[in-house]
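For the sequence shown, my numbering assigns the number 2 to the initial residue and increments by one for each residue that follows.
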Amino acid sequence: MTLTADFNHPSNSEHMPAVAALVAKDPLIRDADGAFMMGCSKATFWRRVADGTVPAAIKIGGMSRWRLSDIEAVISKAEANRTASTA
């Protein structure tokens with residue numbers, strides 16, 4: 002999954018290279034994106050947050066975001082558990 006962003010707004014031009022580099026390394030994603038990656042609904046994604054399977058959100062203003070690497074780690078852990086239980 003490749004996420005891209007447009008950082009060409011003129012008022013942000015002096016700060017955006019550093020921000021773009023940070024976002025490119027480990028972008029923050031929405032609940033809908035996390036749910037899509039995990040193959041579940043947003044409601045199920047939020048249940049996984051509540052039960053601790055998915056890390057708590059990073060709050061930015063009124064928005065909830067997750068690091069892409071955190072969601073990938075949840076998926077990798079689930080895959081490892083599946084492999085271990087079938088071995």
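Every residue, glycine too, gets a C-beta built ideally from N, C-alpha and C.
Which class does residue i belong to by DSSP, given the choice of helix, strand or coil?
| i | result |
| --- | --- |
| R68 | strand |
For residue i, is the classification buried or exposed, using 16 other Cβ atoms within 10 angstroms of its Cβ as the cut-off for buried?
| i | result |
| --- | --- |
| G35 | buried |
| I61 | exposed |
| I59 | exposed |
What does residue i pair with, by DSSP beta-bridge criteria?
| i | result |
| --- | --- |
| I76 | DSSP lists no partner for I76. |
| K26 | Note: K26 sits in no beta bridge, so no partner. |
| K43 | Answer is none; K43 lacks a bridge partner. |
Are the Cβ atoms of residue i and residue j separated by less than 8 Å?
| i | j | result |
| --- | --- | --- |
| T45 | V75 | no |
| P18 | L69 | no |
| P56 | W67 | yes |
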